[in-house]
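Structure, as structure tokens:
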Amino acid sequence: MSEILVKYDEPILASNGTNYFAQAVGSEMGGGLWEGWIEFFPVSEDGSAVESGRETTQPNRANLEFWAQGLTAVYLEGALDRAISLAESPDESPLTRTESGRFNAPARRRTSGSSPAPDSPETRVEP
Numbered sequence: 221m222s223e224i225l226v227k228y229d230e231p232i233l234a235s236n237g238t239n240y241f242a243q244a245v246g247s248e249m250g251g252g253l254w255e256g257w258i259e260f261f262p263v264s265e266d267g268s269a270v271e272s273g274r275e276t277t278q279p280n281r282a283n284l285e286f287w288a289q290g291l292t293a294v295y296l297e298g299a300l301d302r303a304i305s306l307a308e309s310p311d312e313s314p315l316t317r318t319e320s321g322r323f324n325a326p327a328r329r330r331t332s333g334s335s336p337a338p339d340s341p342e343t344r345v346e347p
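When the letters of the sequence shown are read in order and numbered with my numbering, they come out as residues 221 to 347.
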């Protein structure tokens, strides 16, 4: 389960003009590693929450919390832009703030339209 590491006091302005509150969230991965991402909630109630993809992987929770405490407003602005671009559709559910993260894991990057990986069957050249 995800947990909130840091809630940032100052709203972050998105390129679309919407203000968001941000919080750094993390969860333990397999092998003892921890992953961290950022969740954004619109200041006004008429918007949708968005999440970034994984922003960091750390060897333990203490290092993850240290990372979260050091994020700047400029970093959060970039993470918000990335989160908005990852959002596939608006969240139609009512916005609720809880002490655990809203999302259980960071957003995953979409792969549609991207070229195949270099070692995939589509890119192998047979002699």
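No residue lacks a Cβ here, since even glycine has one placed at the ideal position from N, Cα and C.
Beta-bridge partners of T292 (DSSP): none assigned. Measuring C-alpha to C-alpha distances from T238 to each of S222, V263, N283 and E230 identifies V263 as the nearest. For P262, the uninterrupted beta strand (DSSP E) run begins and ends at W254 to P262, by DSSP.
Short of 7 Å from the beta carbon of L291, and not among the five residues preceding or following it, lie these beta carbons of its own chain, in chain order: A244. Annotation for G273: no beta strand (DSSP E) segment contains it, and DSSP assigns it neither H nor E.
E230 is positioned such that its CB atom lies no closer than 9 Å to that of W257. Residue range N239 to E248 is occupied by the beta strand (DSSP E) that includes F241.
The three-state reading of DSSP puts E223 in strand, counting E and B together. Inter-residue distance for V270 and G250 is about 25 Å (C-alpha atoms, whole angstroms). V226 and S235 have their C-alpha atoms spaced approximately 23 Å apart.
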